[in-house]
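Quick note on our numbering: the sequence shown kicks off at 484 and runs consecutively.
The structure appears right after this line, and notes come after that.
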Amino acid sequence: MHSIPSLDTIFLVSAILGGGLFLIQLFFQFFGADLDGASEAFSGDASADVAFKVLSFQGLSAFFMMFGLTGLMFLREFALSAFVSLVGASAAGVGTAFIIQAIFRFFLGLQSSGTIDIHRAVGATGTVYLSIDKHKPGKVTVVVDNRQLIRNAIVEGREFLETGTPIRVVQVLSDGTLVVEKFTPER
Numbered sequence: 484m485h486s487i488p489s490l491d492t493i494f495l496v497s498a499i500l501g502g503g504l505f506l507i508q509l510f511f512q513f514f515g516a517d518l519d520g521a522s523e524a525f526s527g528d529a530s531a532d533v534a535f536k537v538l539s540f541q542g543l544s545a546f547f548m549m550f551g552l553t554g555l556m557f558l559r560e561f562a563l564s565a566f567v568s569l570v571g572a573s574a575a576g577v578g579t580a581f582i583i584q585a586i587f588r589f590f591l592g593l594q595s596s597g598t599i600d601i602h603r604a605v606g607a608t609g610t611v612y613l614s615i616d617k618h619k620p621g622k623v624t625v626v627v628d629n630r631q632l633i634r635n636a637i638v639e640g641r642e643f644l645e646t647g648t649p650i651r652v653v654q655v656l657s658d659g660t661l662v663v664e665k666f667t668p669e670r
């Protein structure tokens with residue numbers, strides 16, 4: 484007949500398993516590996532990822548580690564009953580998993596795509612970087628969203644714009660080329 488493992492053993496195995504997984508995960512993170520990579524193979528919505536972080540590798544390792552450590556503490560150090568130790572250990576594990584989820588949600592909120600909507604360049608001023616002829620595009624520098632961009636540009640009208648000429652963007656073509664006009668700054 485097999486004996487049922489004691490609660491001490493269950494807590495100890497959970498603490499060792501969760502702590503070991505946590506240390507392995509920490510080791511791999513220092514060297515750039517990602518243990519949740521399987522979810523990256525799918526092209527689903529990224530916002531669903533945050534909702535399920537509780538069930539992630541990090542969440543599960545945190546749950547088992549805190550479940551085991553807290554259960555051992557309640558059972559051995561505070562000499563509480565088995566039921567109270569189980570409830571307390573479960574609450575600590577679930578609480579830790581939700582804290583991990585909150586931390587991930589916070590850090591995902593700090594993320595930025597870094598992309599610029601080039602259509603926001605309309606109305607921006609800048610200078611000609613490479614001269615623009617009426618039949619040959621050149622390049623201009625403009626500041627869009629506090630970033631200096633060098634973009635292909637054509638001139639509106641029939642004039643030649645030499646390097647250093649102040650310009651204003653009047654339109655953005657479908658390929659991202661800027662249509663510019665000569666700009667005279669008001670003094």
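Cβ atoms here follow ideal geometry from the backbone N, Cα and C, with glycine treated the same way.
- If you check the CB distance, I615 and I637 come in under 9 Å.
- As computed with DSSP, I599 is found in no beta bridge at all.
- Shown here, V623 sits in a strand according to DSSP, grouped into three states.
- Counted as a single uninterrupted DSSP element, the beta strand (DSSP E) harbouring I633 occupies residues R630 to V638.
- Below 8 Å, enough C-beta pairs join the region 602-612 and the region 647-664 to call them touching: three or more.
- Boundaries of the beta strand (DSSP E) harbouring T608: T608 to L613, taken from the DSSP string.
- Between the C-alpha atoms of K622 and D628 there is a straight-line separation of about 19 Å.
- The beta-bridge partner set that DSSP reports for L644 consists of I615.
- Taking the C-beta atoms as reference points, A572 is found no nearer than 9 Å to G501.
- In this structure the region 552-566 lies against the region 491-499, because at least three pairs of beta carbons, one per stretch, are closer than 8 Å.
- When DSSP states are grouped into helix, strand and coil, E664 belongs to the strand group.
- Taking 9 Å as the cut-off, the beta carbon of V655 is found no closer than this to the beta carbon of E639.
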